[in-house]
Each structure stands twice: as C-alpha cells, then as structure tokens.
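Under this note's numbering, the residues of the sequence shown are numbered 1 to 235, in order. Worksheet: one structure, shown below.
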Amino acid sequence: MRKQLIGIAANEIQDSGTTLHHMPIAYTPLGYVKAVQKAGGLAMLLPISQPEDAKDYVSQIDKLVLAGGQNVSTKFYGQTLETEMDHSYLARDEFELALIDEALKQEKPIFAVCRGMQLINVALGGNLLQKIESDHIMHMQTPVPKEIPTHEIETKEKSTLRLIYGQRTHVNSFHYQAVDQVAAPFTATAWSPDGIVEGIEAKKHRILGVQWHPDFAYEVLAQEMQTFDYVVNQL
C-alpha cells in the first residue's frame, strides 16, 4: 500500500545565526517530520510561497499539517492589535490561508497545531483571544522542558480527542493567544481548566486541531505519538 504523503507547512527565519552564516532558511521543527515517518507516512515540507501556488502544492499531498509559530495577523479576523509588538508574519498567513482553502476544495484532511489551530479557526470565520489572562494555568511553560505536560485538559465525549487522550490528561503548553469564538464548522472538543479552547474538530471536513504540541513530546508520551498515528493513518 502506498504511504500517505503528509505536507507540512514550513516557516521561515531571516537570520539563522552564526552556525549557518546568518542565512535566511525555510524550516519546520523536526518532530513533525520524525513523527510522521514513525507513523508510516512520508513528510514533505511546503515552503512559504505565493498563494497562487497553493493549488499545486495541495494536489501533490494526501494530508496537510499546519505547524506552530508566529501569531496570526489581526487583519484576518477584524480586530485591532492589542499587544505592544506585532508578532505575525503576513507572507506565512497568506500562503497558509491559501493552503487551507485548497485543502478544503480538494477534500484533503488537515491537522492543525497551536498557531495552526488558531489560523484555521480564523480561516473558517472564528476569531482569537489576543491575550490569555489566567491566574492558575501556565499557558507558556518556558523554561519547563518542551516534552513535559504542565496543565490538564478535558475532552468532549465521543470526540476524536476523547478516543486518543481519554476524558482527562495533561499536555504541554506554548502559546500566548488562543481560540476565542469557535468558527461555525468546528466543535470545541478540549478545554483547559480555565476555559481556554484546547482542541477543535470538524468531522465533515476531516480537520483536527490541538493547541498543545504533540511534535514536542511524541518520543516520550504515547498519547502524542498516537495522535500522529491517527493523523497519518485515519484522519
């Protein structure tokens, strides 16, 4: 049987540091690639490109992965910037929104992680909470190591996340922003104890989104590898 080809939307950094001679590079965290491979799939990086190229990229893959990274630009959900600095990257937003549009048109499943979940929620009509205010949940866990779960989530009954994670589990957390109004095609299927949406699903479109990072912990937490197994082989 042919292996599933998983397209992972890549990020960019303009200065890669002294080791790489300060070159601009296209990249994705290696966890996505290795976890897809471990689950039996083939990984293909999709570099930030012109939006009109999205159709050709999506036509070559079986499933799309939207990774973590920068904030989503407020221009795409009609809000005024509430933070001191704009940490968005317009070229990435525009290209990944085009990838989402094409994946929906071509009926390709989508797995969206952290920023990816936020972006796909915006793409389908939802909005974001620009500043999380929580007295008892650490949503940005740095400097706690990336693979260590730091807060609990509860999943929705009969959801995909309930099947993978059970009713309650603990996950890692690396985000300053979050889904606020959930877009109409989605159902919220996981929450942290302070009410932040941690998972969304749209079974009609075969979309799964998580706010935490399975790519950071797939080697040490069985539940996170099970997520990649589901994405590659069942989503």
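All C-beta atoms, glycine included, are put in the ideal place defined by N, C-alpha and C.
The Cβ-Cβ distance between S134 and E201 does not fall below 8 Å. It is roughly 22 Å from the alpha-carbon of V182 to the alpha-carbon of Y89. With a minimum length of 3 residues, the unbroken runs of beta strand (DSSP E) contained wholly in the region 26–85 fall at 42–46, 63–66.
By DSSP's assignment, N11 forms a beta bridge with Y27. Close CB contacts of Y57 within its chain, under the 6 Å cut and outside five residues either way in sequence, are with L46 (chain order).
Across the set D86, D62, A98, L124, the C-alpha of A98 shows the shortest separation from the C-alpha of Q50.
Of the residues assessed, V36 falls on the buried side of the cut-off, its CB having 16 or more other CB atoms within 10 angstroms. In this model, G17 and M23 are separated by some 7 Å (Cα to Cα). Sequence-distant Cβ neighbours of V122 in its own chain, meaning closer than 7 Å and more than five residues away, are V72, F76, Y77, L128.
In this structure, A188 is the residue among I100, I196, A188, K108 with its C-alpha nearest to the C-alpha of L161. V179 and I25 have their alpha carbons spaced roughly 29 Å apart.
Rounded to whole angstroms, H87 and Y230 show a C-alpha spacing of 32 Å. Uninterrupted alpha helix (DSSP H) stretches at least 4 residues long and entirely within the region 188–227 occur at 214–217, given in chain order. Each of E157, A217, M117 was checked against the Cα of V144, and the nearest Cα belongs to A217.
The DSSP-derived three-state label of I6 is strand. Judged by DSSP in its simplified three-state form, T142 adopts coil rather than helix or strand. Straight through space, the alpha carbons of M44 and E94 are spaced by roughly 20 Å. Here I164 carries a helix assignment [DSSP, helix/strand/coil]. In the three-state scheme derived from DSSP, where H, G and I count as helix and E and B as strand, I120 is classed as helix.
Cβ contact annotation for A54 (same chain, cutoff 6 Å, sequence separation greater than five): A98, L99, E102, in chain order.
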